[in-house]
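There are 2 protein chains.
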Amino acid sequence: MKVPHRLYLSEEQLPKAWYNLRADMPEQPDPLLNPATHQPAKLEELYPVFCEKLAKQEMDSTTRWFDIPEPVQEIYKMYRPSPLIRAYSLERALDTPAKIYYKFEGNNTSGSHKLNSAIAQAYYAREQGLRCLTTETGAGQWGTALSEACSYFDLALTVYMVKVSFQQKPYRKAVMQTFGADVIPSPSDTTEAGRRILAENPETGGSLGCAISEAVEKAVTSEGCRYVLGSVLNQVLLHQSVIGLECEAAFEMIGDYPDVIIGCAGGGSNLGGLIAPFMRDKILGKHDPRIIAVEPASCPSFTRGKYAYDFCDTGHVTPLARMYTLGSGFMPSANHAGGLRYHGMSPILSKLYHDGRMEAVSYEQTKVFEAAVYFAKKETILPAPESSHAIRAAIDEALRCKETGEAKTILFGLTGTGYFDMTAYTAFHDGTMKDYIPTDADLQKGFDGLPQM
Amino acid sequence: MKVPHRLYLSEEQLPKAWYNLRADMPEQPDPLLNPATHQPAKLEELYPVFCEKLAKQEMDSTTRWFDIPEPVQEIYKMYRPSPLIRAYSLERALDTPAKIYYKFEGNNTSGSHKLNSAIAQAYYAREQGLRCLTTETGAGQWGTALSEACSYFDLALTVYMVKVSFQQKPYRKAVMQTFGADVIPSPSDTTEAGRRILAENPETGGSLGCAISEAVEKAVTSEGCRYVLGSVLNQVLLHQSVIGLECEAAFEMIGDYPDVIIGCAGGGSNLGGLIAPFMRDKILGKHDPRIIAVEPASCPSFTRGKYAYDFCDTGHVTPLARMYTLGSGFMPSANHAGGLRYHGMSPILSKLYHDGRMEAVSYEQTKVFEAAVYFAKKETILPAPESSHAIRAAIDEALRCKETGEAKTILFGLTGTGYFDMTAYTAFHDGTMKDYIPTDADLQKGFDGLPQM
């Protein structure tokens, strides 16, 4: 089959079930722990924070497939399938023998893959009769996605937006408001967690970990309200498996299979979803693709973090998860890839990385934006800074193929568009963009705050 | 066939030729006139301003099909086909028996249909060995599209951006700069036309007509440079026929045909492209769809303008075109649909409207934004203000169907996304958005400036 520039599955080919990678992992990620007792968290303990169905998905490591509820499938059809794009133009420009593919998740109003889980989570909340949800957002992609989903299912929504992103992206707020959400810059004085963080560090630009604390606190102190999260959690990776499943079907159609799979990693939602069926093949010995997580050098959870139990948030209201972490007290610098500024990492991905099933690399942001602009000019898509980490790694891999003459098949996740990141692009053009690499001493401060187990 | 939510043609089904509606019009639009002699403009007279191939397309009313050059097809494949979307969710929300379809052109980085012509025009400029292009942009969609196209074909580009849009949409500028364009707010002091307009009206927010004058002047006074335009011209409607041709093929696949076709109209590029094959069917008596142009009440070229010879620009450097016009001196108010703030209208559409083959309606912008927000919440796409004019009319048509019980098939053009229009959405949410309707006296001033023929 001649590979088209954009490969779309038909509506009938869309996945009808999410794939739970844990069911095929020979060893499970370590369980969530109750932060008070350090005992494995019980399902019921999650209910005050999470919807029941979502809590069950979170804890379920044996059910291999979860049916996608009809109403969720119905909304998926409004913006899915996302195209698998063959980067012919980029390949020509790089003069590489590699075949480069990317799964483009940016063609929906939320501008990213985040909508895949937002819809699922809003649906289950509605099904449970809840009236409102709270969440945090970094770059604003998750907040936008959840705003859309809540608007569709008629749920009230409060979004705590990392302050630095709130300031860099004023229009993100306006989009969320268009869909009816209440958007609050975090840390804020609306929660105890926020007030405490502000007292310690009044000038902080905030972080995902801090916004999570606020959102969780708001949820558990509000009637008929629950908290939802756009990354890190097992349930989110489950929903995002739709990305990988569509890729798998598309590669079957074109009779190819990726040799290298690359995704940016903040909390791991996109990467976890993208690689799910390919990692299964790798675990089962059917294929052996290289799988590479790409993170910012300013927030290097995989490449410089510790595999340890830690809080998922800065305010220490969440359960403990064993993951690659920089410590929940680590405050990442104001990197423009707001969606990657998270101290921890998905426990599933952390386990896979720890077991040597995947690799990780980090890049400084100027290198990432060089790749972003190059890509935009060749492929006519303006990528989000987060996604551009994957672009950078994919380009470098394709250039290595040029040196070695290998015609590898490279797949990367283009998670979203950069429409709301023009402040960052302008800083790059102006030459005012800086790179931030934490010193070992910076990191040690974060590690010093890890809970004593 | 069960109609999917999103219908994509395959790459093989993409149009290989543009359709020239003029070849099937029983009466031709009146010819462009030389502004000095008032005689029909000769092909050679256009060469200082336009690329030769584009000038030929402009003047050619008999060639029915123009092959789309291979390199243009190649780029089309990077973002086309655009989906024809069945608005199931909107239909349910409106509880209408009507079937609502929209052709969504917003899923490319330029965010609109404008890329279809930008690529063609940049290609022909490159083919002719030119080094640079100039243009104007209102909402910024055309400027963004042309920036992408010029970056791809390695041409320098100067964009005169209507000042009010430049101020409302700072990030548009950043996107164009990412693709390498030089962006200047218009009116500016870089041209005689701009300086003259500024001297007369220093506080003006500019207009498309004024930005055109500047861009044309810049092109004819620069070496190896030509001017390109994103709307109004016959050549642009020709390139945009790809929209209508894809729709035609999609409706054939699902075995339906639109009863009503609706598009927003500023200069007419989207509407002219969308309706091309359907208007042909209407002219040839094969089908009889209603065709409706929707314009802002603040800039009502069709509904309150005169069918007369007029300049295409404010500075009177262009040929005269016979069209529906408010007079080239008419300065539209700062309506948020910057792409529709043009005093004139495509001569082809003007002729069709004059001959009674199509209708026109106008809406005030608050009514338009009501529809935009309603649509966003139901269809999960944030529409551009321009496109939302068509949404408003389509919703109203669907509501009439609800009253009459008619199961009409409605097709409208969703030309672009509103990511860069959040200032406008915020004004709507805040209740600070105003409606502007020119008085008869306002219009008379514009008409008084029409050239004496």
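Going line by line, the protein sequences match chains A and B. My numbering numbers the first residue of the first sequence as 1 and each following residue consecutively. My numbering numbers the first residue of the second sequence as 1001 and each following residue consecutively. From the three backbone atoms N, C-alpha and C, an ideal C-beta is built for every residue, glycine too.
K402(A) counts as exposed, since fewer than 16 other beta carbons sit within 10 angstroms of its beta carbon. Secondary structure of I100(A) (DSSP, three-state): strand. Contact between the region 200 to 210 of chain A and the region 237 to 245 of chain A is absent, with fewer than three C-beta pairs closer than 8 angstroms.
Look at Y1079(B): its C-beta is under 8 angstroms from a C-beta on chain A.
In summary, the residues of the region 1135 to 1164 of chain B whose CB is separated from some CB of chain A by less than 8 angstroms are E1148, S1151, Y1152, in the order they occur in the chain. By the Cβ rule, the region 1268 to 1281 of chain B counts as touching the region 1100 to 1116 of chain B, because three or more pairs are nearer than 8 angstroms. The bridge partners DSSP lists for R341(A) come to none. DSSP lists no bridge partner for S333(A). The shortest C-alpha to C-alpha distance from H1005(B) to any of I1291(B), I1100(B), F1050(B) is the one to I1100(B). Interface annotation for the region 427 to 447 of chain A against chain B: F428, H429, criterion Cβ-Cβ distance under 9 angstroms. Under the three-state reduction of DSSP, M433(A) is assigned to coil, being neither helix nor strand. For E370(A) against A297(A), the beta-carbon gap comes to about 14 angstroms, at or over 8 angstroms, which does not count as contact. Judged by DSSP in its simplified three-state form, R131(A) adopts coil rather than helix or strand. In this model, P383(A) and E359(A) are separated by some 23 angstroms (Cα to Cα).
In the structure shown, the three-state DSSP call for E1091(B) is helix. Proximity of chain B to Q235(A) at the Cβ level (cut-off 9 angstroms) is not reached, the minimal Cβ distance being about 21 angstroms. Within chain B, M1078 have C-beta atoms less than 8 angstroms from the C-beta of E379(A), given in sequence order. Proximity of L1382(B) to chain A, defined by a Cβ-Cβ separation below 8 angstroms, is satisfied.
In the DSSP assignment, K163(A) forms no beta bridge with any residue. The straight-line gap separating the alpha-carbon atoms of S1061(B) and R1022(B) is approximately 5 angstroms. Boundaries of the alpha helix (DSSP H) harbouring R1304(B): 1301 to 1304, taken from the DSSP string. One thing to note: E295(A) has its Cβ within 8 angstroms of the Cβ of A265(A). Exclusion of the five residues before and after L284(A) leaves D24 as the residues of its chain whose Cβ lies within less than 8 angstroms of its Cβ. Note on geometry: alpha-carbon atoms of E217(A) and C210(A) lie some 11 angstroms from one another.
At a cut-off of 8 angstroms between beta carbons, M253(A) makes no contact with chain B. One thing to note: E1214(B) has its Cβ no nearer than 8 angstroms to the Cβ of A1181(B).
Here DSSP, grouped into helix, strand and coil, assigns R1226(B) to strand.
For E91(A), the nearest beta carbon of chain B is not closer than 8 angstroms to its own beta carbon.
When Cβ pairs closer than 8 angstroms are counted between the two stretches, the region 250 to 261 of chain A is seen not to touch the region 315 to 327 of chain A, the count staying below three. Around V49(A), the same chain offers V216, A219, V220, R226, Y227 as residues with beta carbons nearer than 7 angstroms, after the five sequence neighbours per side are excluded.
P185(A) is outside the set of residues whose beta carbon lies under 8 angstroms from a beta carbon in chain B. At least one C-beta of chain A is nearer than 8 angstroms to the C-beta of V1175(B). For T1178(B), a Cβ of chain A is located within less than 8 angstroms of the residue's own Cβ. For the region 103 to 128 of chain A, the set of positions with a beta-carbon nearer than 7 angstroms to some beta-carbon of chain B reads N107, N108, T109 in chain order. Contact with chain A is absent for P1071(B), since none of that chain's Cβ atoms lies less than 8 angstroms from the residue's Cβ. Exposed is the label assigned to T1037(B), since fewer than 16 other Cβ atoms lie within 10 Å of its Cβ.
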